[in-house]
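Take a look at the structure below.
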C-alpha cells in the first residue's frame, strides 16, 4: 500500500501554497477594477499568512520548504499588488520603483553575501517587518478606499510616505548589517552583535 504523502505537519505549507494560488486571481481582479472582490482575496491571503505562521510556531510544524515558500508568497502578493496599483496609477510610480529597488537590492546583497562571505541565516530586521506591515496596510487601505468606502485623504497619503520612509530605512539597514558583517569577517574578527 502506498503511504499518503500528506502529513498533518504539512498544513502550514499547504496553506502557503494556496495563498500563492490566490495571487493571480487577486491581481486580475485589481486590473479589472473589481476592488471589493480583490479586497476579499487580499484579506483571505492575509488571514492565511497569519494562520500558517501561527500553526508553524505553535506546533513546531516548520520546514525548510516553508521557510522558502512563505516569503515567496508574501512577496508575490505584495509586489504584485504594488506593481498593479502603480500600473493603474493608484500608487505613484516613485513608490513602486522604490519598493522594487529595495527588494532587488536585498536579494542581490543576500546572494552576494551568501556566495562570497558565508551562508545567510534568514533573520528579518524589525524595521523590515514594520515595512512589510506598512506595505500590507497601505495596499489594504488603497483598495478599500477605491472599492468600499472613501477614506480621509490623509490616511492613504500618510501611509504612502510612512511606507516610503521604512522602505528606504530597511534597505539601508540591510546594507549596513551585511557590510559590517563582511568587514568583520575580512578582518578576521568575530561577527558583530545585532
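Numbering (the working numbering), first residue to last: 23 to 216.
From the three backbone atoms N, C-alpha and C, an ideal C-beta is built for every residue, glycine too.
Fair warning: this is a prediction, and the values are worked out from it, not measured in the lab.
Could you pull out every unbroken alpha helix (DSSP H) segment of at least 4 residues lying fully inside the region 106-157, listed in chain order? You should have 115-138.
Please list, in chain order, all residues of the same chain as residue 23 whose beta carbon is under 8 Å from its beta carbon, the five residues on each side excluded. Position 1 of the chain shown holds residue 23. Because the pLDDT at residue 23 is just 43, under 50, the model does not fix this residue reliably, and the value given afterwards should be weighed accordingly. Its chain contains no residue whose beta carbon lies nearer than 8 Å to that of residue 23 once the 5 sequence neighbours on both sides are disregarded.
Hey, could you find the ends of the alpha helix (DSSP H) residue 49 is sitting in? Along the chain shown, one-based indexing puts residue 49 at 27. Taken as a continuous stretch (DSSP letters only), the alpha helix (DSSP H) holding residue 49 covers 33-53.
Would you call the region 92-108 and the region 144-161 in contact, with 3 or more CB pairs under 8 Å? Touching, yes, given that three or more Cβ pairs across the two stretches are closer than 8 Å.
Please report the distance separating the alpha-carbon of residue 2 from that of residue 121. In the structure as shown, the chain starts at 23 and stops at 216, and residue 2 therefore has no counterpart that could be examined.
Exposed or buried, which one is residue 141 when buried takes at least 16 other CB atoms within 10 Å? The residue labelled residue 141 in the question sits at position 119 within the chain shown. In the assembly as shown, residue 141 is an exposed residue. Its beta-carbon has fewer than 16 other beta-carbons within 10 Å.
Assuming residue 188 and residue 149 form a contact by the criterion Cβ under 8 Å, report the distance between their Cβ atoms to the nearest whole angstrom. What you label residue 188 is simply residue 166 of the chain shown in a count that begins at 1. What you label residue 149 is simply residue 127 of the chain shown in a count that begins at 1. Here residue 188 really is in contact with residue 149; their C-beta atoms are around 6 Å apart, less than 8 Å.
Under the three-state DSSP convention, the category residue 24 falls into: Locating residue 24 in the chain shown gives position 2, where the first residue counts as 1. Here residue 24 scores only 42 on pLDDT, less than 50, and its place in the model is too uncertain to base an answer on.
Bounding residues of the alpha helix (DSSP H) (the contiguous stretch that carries residue 199): Here residue 199 refers to the residue found at position 177 of the chain shown. Run containing residue 199: 176-208, per the alpha helix (DSSP H) assignment.
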